[in-house]
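Just so you know, the sequences run in chain order Y and E.
End of the first sequence = 469 in my numbering, gap-free, step of one.
End of the second sequence = 691 in my numbering, gap-free, step of one.
Note that beta-carbon positions come from the ideal geometry of N, C-alpha and C, so glycine has one too.
These numbers come from a predicted model, not from an experiment.
Notes for the one structure printed next.
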Amino acid sequence: MKLKDIFYDTILPGDQDLNLPAASRLEIDDYMASVGATEMLARYLDLLDTLAHEKFNHGFVDLSAEDRLACVTFSKRKDIRLSTAIIVNCLKSYYTCESVLNILPTGSVPPFPEGNVVEGDDWSILEDVYERGTIYRHIPE
Amino acid sequence: MNKADVLIIGSGASGAAAAWSLSRNTSNRIVCLEQGDATKAGDYPTNKVNWELARHGTASSNPNERKNKADYPIDDNGSPISLANFNGFGGSTILYSGHFPRFHPSDFATCSLDGVGDDWPLCYEDLEPYFNENEKMMGVAGLVGDPAYPEYDRLLPPVPLGKAGRKMAETFNELGWHWWPSYSAINTSSHGGRASCVNLGPCNTGCAQGAKGSVDVTYWPQALRQGVEVRTGCCVYEICVDKFHKITGVKYLNEKGEDCFIGASIVVVACSGIGTPRLLLNSKSAAFPDGLLNNHDLVGRNLMVHPLGYTEGVFEDDLQSSVGPQGCCILSQQFYESDPANKFKRGYTMQVLRGSPAMETAVSAYMMRRLPLGPDHHKTFMSLFNHNMGIAVISEDLPEHHNRVELDEQNCDANGMPGLKVSYRVSENTQEMLKHGLEKSKLLFQQAGARVTASFAPVKHAGWHLMGTARMGNDPEKSVVSPLGQAHAVENLFIVDSSIFVTSGAVNPVATAQALTLRICDHIRQKFVN
């Protein structure tokens, strides 16, 4: 796997119990390109690899999952703006992906063919509010 | 013929209501100039899976982020709150959440009652018939009988509370606090030829269903049928006045960028609480060297924005909280009126918000260090998504002379017209109010068994409610327009939007702004148009 995909899966791995895909299986690269973040991503991956060598004497791809995640944490300390921008873009891409949204309990997914049902209410729940009486102020003439 | 009997500038909430009202039973030529383009329901972001991304792009409420051709830059470095709007056919109603409560009777008399702010030159009863008329036109859902208000005429059935809303309602009851289903400009049954809401959730990127009462689907279809001519992509940059202090017409750039002039017997300005002062200040003449109607240095001043407090709670159970109109669930006005026990005068509304959609849940939780990356990410996400609710504290903002917008000659829009610079401070009174509101919000969540995960004020990107910058009054030295919206200094110029508000109340202003518009237009029709 490429460094980029390993990074994606480090922060957003798949979850078998929840049936959620690993981020590398999605089109995150396309999203990064669409927001003009490709070059920024390359810089960030360089930073991760540098940190991996500094802290663990290995490249990022050769680290354990735990150490890779530690590198991501180190990257925040090193360059908070860069790391936040990349991670937030990964989250945005992941959580607007159709295959993810179809697994999450989001209700109807666009283009919203049917909408969602919200059950009706029993308005006797307002009895307490009625009983306390008027609370707005009457204005003297 | 390049002259209108009535020229309306701006097609948003008030401009649309004015167009409809003034075009009833008349053969007068009414023209509306709108600087933005018309939106199409088929183009709304919610037609696509990745609609949430548009909240930071084409459907952002922040013009500096949105950067549409019709947007003007707003320098908000001098304000803790960024101003929000939408410049296009239908104005900010395209992106609003549709929360639609009225002002209260006390909102019109804050000085007499509480010694703060100023009294309006009119009262609730003056607006009541127009509130009723407006709610019918906009299609407002809710429930009559609210003890926080004088009686409503009629409303569409309320927006359903959902599991999460019911949980919050029960908690309000446990605390003995007022709550009520939200007043919502959302069709809960077919109304006005529009379909019913199907609980999709993302109202504030435009409602593709057409169930939300944005004025492009409420007032405008009728106004167009009544003969009003709308010209979109037309940026008015000067209202022209002659030596007799009479408006002759306006200068604008049309959609091709051509310089145009249209004459008008009456001009009605409806460009919002910031767009209106911007246009007035940019309309300099020998008669008004500091900007039109600015002879007493009032235009752009007394800006009120409703500083917002926000608290989020996360419940143990999955309450499907993200399903349903996000901004319309419950409101509480338990702390709306002045209370001698408080350290502040006046009060606030608690607006209970449904849970955030998936992307927003993930990003905001990550930013607040509540959502880890790596193997625990998904399980933690699932414990937040559909489990969270928000409470917005909408605080009453009192008018202060130093809070203002001014022209920013250094930052111009695409047509070369100056943008705006904001100078705004949150007053001590409001700070105390927000503090109180956050404490009560936290108490409410704790009582409901929810974990409070965020609580802060003021919210930065929440300056939606823009009021007070061309205030009304009886005294021409202390106000810009009369109680009937007529400029004190220029007989054939009217302002009908929320810039003429005297105080801000503590509710979303659109219902009151439109009722005011209808009242003013009744007057214009009787005295001038017919």
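Practice item. To the nearest angstrom, report how far apart L348/Y and P533/E are at their CA atoms. Key: Start at 1 with the first residue of the first sequence, and residue 348/Y comes out as number 20. Start at 1 with the first residue of the second sequence, and residue 533/E comes out as number 372. CA-to-CA, the gap between L348/Y and P533/E works out to about 16 Å.
Review point. If you draw a straight line from the alpha carbon of G434/E to that of S660/E, how long is it in whole angstroms?
Key: By one-based count along the second sequence, residue 434/E stands at place 273. By one-based count along the second sequence, residue 660/E stands at place 499. Cα to Cα, G434/E sits roughly 4 Å from S660/E.
Point to revise | Inter-residue Cα distance where the pair is N455/E and S444/E | key: As a first step, residue 455/E is located in the second sequence; it is residue number 294 there, counting from the start. As a first step, residue 444/E is located in the second sequence; it is residue number 283 there, counting from the start. Using only the alpha carbons, I get a separation of about 10 Å.
**Study point:** Unbroken beta strand (DSSP E) run spanning G702/E, endpoints
**Key:** Summary: the structure shown does not reach residue 702/E, with chain E confined to residues 162 through 691, and so no result is reported for it.
Exercise for review: Compare the beta carbon distance of H538/E and L346/Y with 8 Å and say whether it is the shorter of the two.
Suggested key: The count along the second sequence starts at 1 and reaches residue 538/E at position 377. The count along the first sequence starts at 1 and reaches residue 346/Y at position 18. No. Outside cutoff.
Exercise for review: Please go through the segment 205–280 of chain E and give each complete alpha helix (DSSP H) segment of 4 or more residues, from N-terminal end onward.
Suggested key: Taken in chain order, the complete alpha helix (DSSP H) segments of 4 residues or longer contained in the segment 205–280 of chain E are 224–227, 271–275.
Practice item. Determine the chain E residues that contact I431/Y at a beta-carbon separation under 9 Å, and present them in chain order. Key: Here residue 431/Y refers to the residue found at position 103 when the first sequence is read from its first residue. The contacting residues do not exist; I431/Y stays about 10 Å from chain E at best.
Point to revise | Delimiting residues of the alpha helix (DSSP H) encompassing S403/Y | key: Within the first sequence, the letter at position 75 stands for residue 403/Y. It spans 393–406 - the alpha helix (DSSP H) in which S403/Y sits, taken as one unbroken run.
Check your understanding: Are the C-beta of R371/Y and some C-beta of chain E separated by less than 8 Å?
Key -> For the purposes of this step, residue 371/Y is taken as the residue at position 43 of the first sequence. So no, R371/Y is outside the interface.
Review point. Among K230/E, G629/E, G485/E, which residue has its Cα nearest to the Cα of N564/E?
Key: As a first step, residue 564/E must be located in the second sequence, where it is residue number 403. Closest in C-alpha terms to N564/E, from the list K230/E, G629/E, G485/E, comes G629/E.
Review point. How many Å lie between Y359/Y and S421/Y at the Cα?
Key: If you number the first sequence from 1, residue 359/Y lands on position 31. If you number the first sequence from 1, residue 421/Y lands on position 93. If I take the Cα positions, the gap works out to 6 Å.
Review point. If you count every other CB in all the chains shown that lies within 10 Å of the CB of H548/E, and 16 or more means buried, which is it?
Key: Along the second sequence, one-based indexing puts residue 548/E at 387. Its Cβ being crowded by 16 or more others within 10 Å, H548/E is buried.
Practice item. May I have the straight-line CA-CA distance separating S351/E from N223/E, to the nearest angstrom? Key: In the second sequence, the residue the question calls residue 351/E occupies position 190. In the second sequence, the residue the question calls residue 223/E occupies position 62. S351/E and N223/E: Cα-Cα distance of roughly 32 Å.
Review point. What's the call for I408/Y, buried or exposed, on a 16-neighbour Cβ count within 10 Å?
Key: Counting from 1 along the first sequence, the entry for residue 408/Y is found at position 80. Burial check for I408/Y: the Cβ neighbour count within 10 Å stays below 16, so the residue is exposed.
Point to revise | Among C193/E, L283/E, D403/E, P468/E, nearest to I170/E - alpha-carbon criterion | key: For the purposes of this step, residue 170/E is identified with residue 9 of the second sequence, where counting begins at 1. Nearest of C193/E, L283/E, D403/E, P468/E to I170/E, Cα basis: C193/E.
Check your understanding: Taking Cβ positions only, does I408/Y come closer than 8 Å to chain E?
Key -> Taking the first sequence and counting its residues from 1, one reaches residue 408/Y at position 80. Taking Cβ atoms only, chain E never reaches closer than 8 Å to I408/Y, which makes this a no.
Review point. Taking three-plus beta-carbon pairs below 8 Å as touching, is the segment 285–301 of chain E in contact with the segment 598–605 of chain E?
Key: Output reads no: the segment 598–605 of chain E does not touch the segment 285–301 of chain E.
Review point. Should R460/Y be flagged as near chain E, meaning a C-beta pair shorter than 8 Å?
Key: Residue mapping note: residue 460/Y aligns to position 132 of the first sequence, counting from 1. For R460/Y, the closest Cβ of chain E is nearer than 8 Å.
**Study point:** Chain-ordered chain Y contacts of V359/E [CB-CB under 9 Å]
**Key:** What you label residue 359/E is simply residue 198 of the second sequence in a count that begins at 1. For V359/E, the chain Y residues whose Cβ falls inside 9 Å of its Cβ are S436, F440, E442, G443, N444, V445, in order along the chain.
Point to revise | Interface flag, D357/Y vs chain E, CB-CB below 8 Å | key: Looking up residue 357/Y in the first sequence gives position 29. False, the Cβ-Cβ gap to chain E never drops below 8 Å.
Review point. Are there three or more Cβ pairs, one per stretch, closer than 8 Å when the segment 356–364 of chain E is compared with the segment 476–492 of chain E?
Key: As far as the Cβ criterion goes, the segment 356–364 of chain E touches the segment 476–492 of chain E, which means the pair count is three or higher.
Point to revise | C-beta atoms of P560/E and V587/E nearer than 8 Å | key: Counting from 1 along the second sequence, the entry for residue 560/E is found at position 399. Counting from 1 along the second sequence, the entry for residue 587/E is found at position 426. No, they are not a contact pair.
Review point. Does the Cβ of N463/E have 16 or more other Cβ atoms within 10 Å, making it buried, or fewer, making it exposed?
Key: As a first step, residue 463/E is located in the second sequence; it is residue number 302 there, counting from the start. When all chains shown are included, N463/E counts as buried.
Point to revise | Cβ-based neighbour list, L441/E, same chain, cut-off 6 Å, excluding 5 preceding and 5 following | key: Walking along the second sequence from the start, residue 441/E turns up at place 280. The residues are G452, L453, L454, V460.
**Study point:** Rounded C-alpha distance that separates F440/Y from V397/E
**Key:** In the first sequence, the residue the question calls residue 440/Y occupies position 112. In the second sequence, the residue the question calls residue 397/E occupies position 236. Rounded to the nearest whole angstrom, the C-alpha separation of F440/Y and V397/E is 38 Å.
Check your understanding: Residue range of the alpha helix (DSSP H) that Y336/Y falls in?
Key -> Within the first sequence, residue 336/Y is the residue found at index 8, counting from 1. Y336/Y -> alpha helix (DSSP H) spans 331–339.
Review point. Is the distance from the Cβ of Q675/E to the Cβ of N295/E below 8 Å?
Key: Numbered from its first residue, the second sequence carries residue 675/E at position 514. Numbered from its first residue, the second sequence carries residue 295/E at position 134. Against a cut-off of 8 Å, the Cβ pair of N295/E and Q675/E comes out as a contact.
Exercise for review: Kindly indicate which residue of S175/E, F269/E, A302/E has the alpha-carbon position closest to the one of R465/Y.
Suggested key: Here residue 465/Y refers to the residue found at position 137 of the first sequence. Out of S175/E, F269/E, A302/E, F269/E has the C-alpha closest to the C-alpha of R465/Y.
Review point. Could you give the distance in angstroms between the alpha-carbon of T254/E and the alpha-carbon of S375/E?
Key: Position 93 of the second sequence holds residue 254/E. Position 214 of the second sequence holds residue 375/E. Computed Cα separation, rounded: 5 Å.
Practice item. Tell me, please, which residues DSSP counts as bridged to S584/E. Key: Position 423 of the second sequence, counted from the start, is the residue given in the question as residue 584/E. Beta-bridge pairing links S584/E to G239/E, R565/E.
Practice item. Mind listing the chain C neighbours of V484/E? Cutoff is C-beta to C-beta under 8 Å, in chain order. Key: The structure shown contains no chain C; the protein chains it does contain are Y and E.
Exercise for review: Please check if any C-beta of chain Y sits within less than 8 Å of the C-beta of E296/E.
Suggested key: Locating residue 296/E in the second sequence gives position 135, where the first residue counts as 1. Nearest CB-CB separation between E296/E and chain Y: not below the 8 Å threshold.
Check your understanding: Is M153/E helix, strand or coil when you go by DSSP?
Key -> What the structure shows of chain E is the stretch from 162 to 691, and residue 153/E is not part of that stretch, so it cannot be assessed.
Check your understanding: Within the 8 Å Cβ cut-off, does M329/E reach chain Y?
Key -> Within the second sequence, residue 329/E is the residue found at index 168, counting from 1. Taking Cβ atoms only, chain Y never reaches closer than 8 Å to M329/E, which makes this a no.
Review point. N108/E lies in the alpha helix (DSSP H); which residues open and close that run?
Key: Past the edges of chain E, shown from 162 to 691, lies residue 108/E, and the structure says nothing about it.
**Study point:** DSSP state of H539/E mapped onto helix, strand, coil
**Key:** Taking the first residue of the second sequence as 1, we reach residue 539/E at position 378. In the three-state reduction of the DSSP assignment, H539/E falls in the helix class.
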